[in-house]
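Top to bottom, those sequences are chains A and B.
If you want the numbering used here, it's the position in the first sequence, counting the first as 1, plus 27.
If you want the numbering used here, it's the position in the second sequence, counting the first as 1, plus 27.
Protein chains: 2
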Amino acid sequence: MTADKAAPAHKGQSGESVRQHNLSTVLRLVHLQGTILRSKITATTGLNRSTVSDLVSELSELGLLVEKETVAPTGVGRPSLAVTATDNIVAFSVNPEIDATTVSAVALSGRVVTKERRLMRSHPTADNAIAVASEMIAKMSKELEPGTRIVGVGVSVPGQVRSSDGVIRFAPQLGWVESAFAAALSQETGLPVYLGNDASLGCIAEARFGAAKGINDAVFLFAGSGGIGGGVISEGRTVSGAAGYAGELGHIRISSSKQVDYSGFPGTLEALVRRNDLLDIFKLYVATDEELDAEIRSTESTKAKRLIEDQIDSLADGISTLVNIFNPEVVVLGGFLTSLFEFAPDQLISKMKRGALAAASERVVIRKGALGSNLLVLGAAELPFEALINAPSSFSLTDA
Amino acid sequence: MTADKAAPAHKGQSGESVRQHNLSTVLRLVHLQGTILRSKITATTGLNRSTVSDLVSELSELGLLVEKETVAPTGVGRPSLAVTATDNIVAFSVNPEIDATTVSAVALSGRVVTKERRLMRSHPTADNAIAVASEMIAKMSKELEPGTRIVGVGVSVPGQVRSSDGVIRFAPQLGWVESAFAAALSQETGLPVYLGNDASLGCIAEARFGAAKGINDAVFLFAGSGGIGGGVISEGRTVSGAAGYAGELGHIRISSSKQVDYSGFPGTLEALVRRNDLLDIFKLYVATDEELDAEIRSTESTKAKRLIEDQIDSLADGISTLVNIFNPEVVVLGGFLTSLFEFAPDQLISKMKRGALAAASERVVIRKGALGSNLLVLGAAELPFEALINAPSSFSLTDA
DNA sequence: AGATACTTGTTGTTTAAAACAACAAATACA
DNA sequence: TGTATTTGTTGTTTTAAACAACAAGTATCT
Chain A
28 MTADKAAPAH
38 KGQSGESVRQ
48 HNLSTVLRLV
58 HLQGTILRSK
68 ITATTGLNRS
78 TVSDLVSELS
88 ELGLLVEKET
98 VAPTGVGRPS
108 LAVTATDNIV
118 AFSVNPEIDA
128 TTVSAVALSG
138 RVVTKERRLM
148 RSHPTADNAI
158 AVASEMIAKM
168 SKELEPGTRI
178 VGVGVSVPGQ
188 VRSSDGVIRF
198 APQLGWVESA
208 FAAALSQETG
218 LPVYLGNDAS
228 LGCIAEARFG
238 AAKGINDAVF
248 LFAGSGGIGG
258 GVISEGRTVS
268 GAAGYAGELG
278 HIRISSSKQV
288 DYSGFPGTLE
298 ALVRRNDLLD
308 IFKLYVATDE
318 ELDAEIRSTE
328 STKAKRLIED
338 QIDSLADGIS
348 TLVNIFNPEV
358 VVLGGFLTSL
368 FEFAPDQLIS
378 KMKRGALAAA
388 SERVVIRKGA
398 LGSNLLVLGA
408 AELPFEALIN
418 APSSFSLTDA
Chain B
28 MTADKAAPAH
38 KGQSGESVRQ
48 HNLSTVLRLV
58 HLQGTILRSK
68 ITATTGLNRS
78 TVSDLVSELS
88 ELGLLVEKET
98 VAPTGVGRPS
108 LAVTATDNIV
118 AFSVNPEIDA
128 TTVSAVALSG
138 RVVTKERRLM
148 RSHPTADNAI
158 AVASEMIAKM
168 SKELEPGTRI
178 VGVGVSVPGQ
188 VRSSDGVIRF
198 APQLGWVESA
208 FAAALSQETG
218 LPVYLGNDAS
228 LGCIAEARFG
238 AAKGINDAVF
248 LFAGSGGIGG
258 GVISEGRTVS
268 GAAGYAGELG
278 HIRISSSKQV
288 DYSGFPGTLE
298 ALVRRNDLLD
308 IFKLYVATDE
318 ELDAEIRSTE
328 STKAKRLIED
338 QIDSLADGIS
348 TLVNIFNPEV
358 VVLGGFLTSL
368 FEFAPDQLIS
378 KMKRGALAAA
388 SERVVIRKGA
398 LGSNLLVLGA
408 AELPFEALIN
418 APSSFSLTDA
């Protein structure tokens, strides 16, 4: 099972589909805000008070949200009720890495209920990861509060995912090729499983809950040891492409360099802004982003500074291309790109503006991601939540 | 007046808005197809027969479309009625160039009713162009068939347009800077005026009526004497960015070249794939795309072939970056890029695939544009038509 | 040629859901 | 304490899509 494709174009709207749409709209609003006043729902949706009342009570009866009396009254007039997404609806988030797998339970309210990281031997096979994940999900399911219901499982994949059938096409760091991951994990867990590219999911998370909350046009660049990934939000929608492979922003070409000491495409952003090059110059084998950040902040080495500045220039070139293409409001950086940015923000910004059209770049803001280690946890959980939100009244939940 | 921004997110749907949506859906379907059977409308919208009947008759009463009996019956059963967009609703299309302005009247049916090109002294001022365009519109209005009603005016601008208020920010070839073009032309003509970037409009035209008809994810690259422009359709929507400046695909960086004989950004697609370089090598001062195409096809000069091949390689680099970013189904080329493609399609395709991710590039098709000289005519007319289609029952039309 | 199956348009009725209206509840402020 | 203000609640109205039954027209089969 995987995320649905966009609704077919030229579709008419019947009475029933309107109801579904409105239920979705209200539930989405509550999910995004965590808690929201009913009067606020009325205002933002433009629906009638009584209609909102009806919609909210239908969603309450479905057990998806709860109405409480407001504690702190808001002003003149009868106090409005607070509508909260329940903690009793959870999605599992599975985040495989090279040497570990993290599984979390995330509530519809946005709360990360539990989070467990299990170390594994390096480069596990896909079957291996599926076995570990399903075992962890089974264990964690039992530990959930009684009455909790499960929406499904979202998996962040460091590689290319075919969205139509949940197949991992190629995950270079893990060495997985053509794995029917979603089907297999769904088989093991009995739950619907949805896959997404890690950077795309990070992008979704930052756009909904983090640094680009409320922004309709944003570009994301996340970097880790495996390279640079990205995502794009255009007019509030993620740009996913014909088959779901869009957003490979690390592979944009910014130089004619023909370097050969690199397995990917020479001259691309990912080839010129490399975490490993930084580690090398600091003589580190492995390091967390925090450790690397500390080195970058404190270094006195001219050679290191030179490398950092070169990488900043390359990053700026990449961003200016993206700004020309997307004209975003915000560019969000994650991973060690944040450290580069904070090393010399003015250098990055001015170089970027020199390579970008004035009109497109004049209002762009570059900022760092806000979700930290919960980035992929929240991002992956959004996949099952999205499915639930798109069909609140007919979605079938599994008892924990 | 300009094109509206996307509808606010989190908007609920009332009964009336559903009706508007359904009227829009039907009218859009008819507009895109020119003529369509009522049974086909029923099938594609999923609405009930009787509902479609009602919607079509409301649109007929508004004078936007006509029902006729089918001439050639389609098969078993009662023949369905043919629904046709009327020729009595027209939009004006204004296409300013360096040395001429073209004004056309385009019917909702897609027919180009009239088209007139007026030569002007080189590099007219914006006021100049406004005066000429409004005079031509006034004259052509009188010549329209009696009973014809006018939707508005769409203008293709070779430069950056701020979509929120119809201001031309910068049109380098024309030398226009910060011109409130839409407001001024609207003042002169008494008609609503909408502006769009020329490449974006070409993109819309090819996506709706041309080489990417029915495709939901497509990338467009158009080249002329002024450089390379582009546009992107993602999940059926144009990517326009926060302020409407997105799609400057000519300005993506593909090389670290620091060449100085160029006014734009060195190392970008537009700097490396230049029409003028081709003209120079063929010792031409000016030439139509057809003339240039003939030269490219027939040349025996090794030097010329070398330049052409270099440009093909650069174009391929640009396309591979775009394929990695957007994962489109189709890449449409226009202007002299078509000639480059046809000179050595295999070279272009293989070089592109070498620079693009296998998953994203495996199903991409590169093809030439299909609309020829009507590209911008149809594209610009889509702006007013879109406004009409989005509000069929409340849009106020002007009598010719 | 005539009967039959099939598809579509038409008309009148039903239904679902949002809007509306009137009132009650709960707060702030004069 | 009284009044204005805002919001929730309840019962009624309205709108538009769905539904159902029938009529119209075409193709196919015998």
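Each residue gets a CB set at the ideal place from its N, CA and C atoms; glycine is no exception.
Check, Outcome
"Cβ of S421 of chain B within 8 Å of any chain A Cβ", "no"
"Below-8 Å beta-carbon distance, E356 of chain B vs any chain A residue", "yes"
"Residue-level contact to chain B via CB, Q200 of chain A, 8 Å cutoff", "no"
"Amino acids of chain A, ordered along the chain, whose beta-carbon sits closer than 9 Å to that of N417 of chain B", "What N417 of chain B touches in chain A: nothing, since even the nearest Cβ is about 14 Å away."
"Closer than 7 Å at the beta carbon, the chain A residues around D244 of chain B", "G268, A269"
"Cα-Cα separation, T69 of chain A to L424 of chain A", "28 Å"
"Segments of 4+ residues assigned as alpha helix (DSSP H) that fall wholly inside the stretch 32-108 of chain A", "42-60, 65-72, 76-88"
"Residue burial classification, A418 of chain A (beta-carbon count within 10 angstroms, cutoff 16)", "exposed"
"Simplified DSSP state of I376 of chain B, which is helix, strand or coil", "helix"
"Nearest-angstrom Cα separation, counted from T101 of chain B out to N224 of chain B", "41 Å"
"Uninterrupted beta strand (DSSP E) stretches inside the stretch 178-227 of chain B (no shorter than 3 residues)", "187-189, 194-198, 203-206, 220-224"
"Whole-Å CB distance - G256 of chain A paired with A234 of chain A, under 8 Å assumed", "Rounded, the Cβ-Cβ distance is 15 Å, inconsistent with contact."
"C-beta neighbour in chain B for G258 of chain A, strict 8 Å", "no"
"Between the CA atoms of P372 of chain A and V392 of chain A - distance to the nearest angstrom", "11 Å"
"V53 of chain A vs A407 of chain A beta-carbon contact at 8 Å", "no"
"Simplified DSSP state of I125 of chain A, which is helix, strand or coil", "coil"
"Spatial distance of E275 of chain A from S80 of chain A (CA atoms)", "43 Å"
"CA nearest to the CA of L415 of chain A, picked from A:L86, A:R76, A:R65", "A:L86"
"Burial state of A385 of chain B (16 or more Cβ within 10 Å)", "exposed"
"Cβ-Cβ separation, V180 of chain B to T129 of chain B (assumed contact under 8 Å), whole Å", "Incorrect: roughly 13 Å between the Cβ atoms, too far for contact."
"Min CB distance E262 of chain B to chain A below 8 Å", "yes"
"Cβ of E88 of chain A within 8 Å of any chain B Cβ", "no"
"Inter-stretch contact (C-beta, 8 Å, three-pair minimum) for the stretch 160-173 of chain B and the stretch 110-128 of chain B", "yes"
"Distance between beta carbons of H58 of chain B and L135 of chain B, contact taken as under 8 Å", "6 Å"
"Local Cβ density within 10 Å of D337 of chain A, reported as buried at 16 or more and exposed below that", "exposed"
"Beta carbon proximity, Y272 of chain B to chain A, threshold 8 Å", "yes"
"Against chain A: residues of the stretch 219-242 of chain B by CB proximity under 7 Å", "none"
"Selected residue, minimal CA-CA separation from G90 of chain B, among B:I116, B:V103, B:D344", "B:I116"
"Supposed close pair G396 of chain A, G361 of chain A - CB separation, criterion 8 Å", "4 Å"
"DSSP-derived helix/strand/coil call for G229 of chain B", "helix"
"C-beta atoms of L375 of chain A and I339 of chain A nearer than 8 Å", "yes"
"Proximal chain A residues relative to Q187 of chain B, where beta-carbon distance stays under 9 Å", "L384, A385, A386, A387"
"T52 of chain A at chain B interface by Cβ criterion, 8 Å", "yes"
"Residue closest to Q200 of chain B, alpha-carbon to alpha-carbon, out of B:D114, B:G291, B:T295, B:T141", "B:G291"
"Close beta carbons around I50 of chain A, own chain, < 7 Å, minus the five adjacent residues each side", "Looking at the sequence shown, residue 50 of chain A is not Ile but Leu. Once the five neighbours on either side are set aside, the close Cβ partners of L50 of chain A are L82, E85, L86, P419, S420."
"DSSP three-state assignment for F309 of chain B, whether helix, strand or coil", "coil"
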